[in-house]
Amino acid sequence: MTNDWDVPYRQSLHEALAVLSGQWTVAVLATLALGERRYKDLMADVNGVEERVGWVSHPKPVTDKVLTDTLQRARDNGLVVRRAEGSQIGGSVWYRLTPSGKELLRALRPLATWAQQNRDSLAKDASPSTDKT
Numbered sequence: 000m001t002n003d004w005d006v007p008y009r010q011s012l013h014e015a016l017a018v019l020s021g022q023w024t025v026a027v028l029a030t031l032a033l034g035e036r037r038y039k040d041l042m043a044d045v046n047g048v049e050e051r052v053g054w055v056s057h058p059k060p061v062t063d064k065v066l067t068d069t070l071q072r073a074r075d076n077g078l079v080v081r082r083a084e085g086s087q088i089g090g091s092v093w094y095r096l097t098p099s100g101k102e103l104l105r106a107l108r109p110l111a112t113w114a115q116q117n118r119d120s121l122a123k124d125a126s127p128s129t130d131k132t
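Given below as structure tokens:
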């Protein structure tokens, strides 16, 4: 039996996790937390962090298509805004977090802390198990 508060709570969690879906979403949002970035600089920064940490989070660099799709989803969800500067040809496109995007990242800090504190058991739990319960 579920409590009356349980259904909206679960629905809200489901919606929040859906916003974060996508292999590169968190990396892109975390990079934009450092400030507004031009598209090419954003790609270089995201890939630079992954390269420095040894591609732990992702098996390969983010591609143009994946970054474009990730940014579009983030825009659709109200987390990121796009700003075009200059002409269509030769102009720059900039991205930055919205207040909602910044608020989401602040809300994720406790989750990140929990994951760091439980890294060993999480890694163990993520490995294939022989338990078929």
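In numbering that gives the first Met the number 0, the protein residues as written are 0 to 132.
Ideal placement from N, C-alpha and C gives every residue a C-beta, glycine not left out.
All values derive from a computational prediction rather than experimental measurement.
Going by C-alpha to C-alpha distance, which of the options sits closest to residue i?
i      : options                     : result
LEU103 : SER86, LEU121, TRP93, GLY77 : GLY77
THR62  : VAL79, GLY53, LEU41, VAL52  : LEU41
ARG37  : SER11, ARG95, GLY47, ARG72  : ARG95
GLY21  : GLU35, LEU70, GLY100        : LEU70
ALA83  : TRP93, ARG74, ASP75         : TRP93
ARG72  : VAL18, LYS39, TYR8          : VAL18
LYS39  : LYS59, LEU28, THR67         : THR67
THR97  : ARG74, ALA15, ARG118, HIS13 : ARG74
Quick one: measure Cβ to Cβ for residue i and residue j, integer angstroms, because I've assumed they're closer than 8 Å.
i     : j     : result
ALA26 : VAL52 : Not quite, the Cβ-Cβ distance comes to about 11 Å (not below 8 Å), so this is no contact.
SER91 : GLY85 : 6 Å
VAL65 : LEU31 : Not confirmed; about 16 Å, so no contact.
What residues match up with residue i in a beta bridge as DSSP calls it?
i      : result
ARG108 : Answer by DSSP bridge pairing: none, since ARG108 is not bridged.
If you follow the alpha helix (DSSP H) that residue i is part of, which residue opens it and which one closes it?
i     : result
LEU41 : 38-51
VAL27 : 24-31
VAL6  : 5-18
What residue does the beta strand (DSSP E) around residue i start on, and which one ends it?
i     : result
GLU84 : 79-84
VAL92 : 91-96
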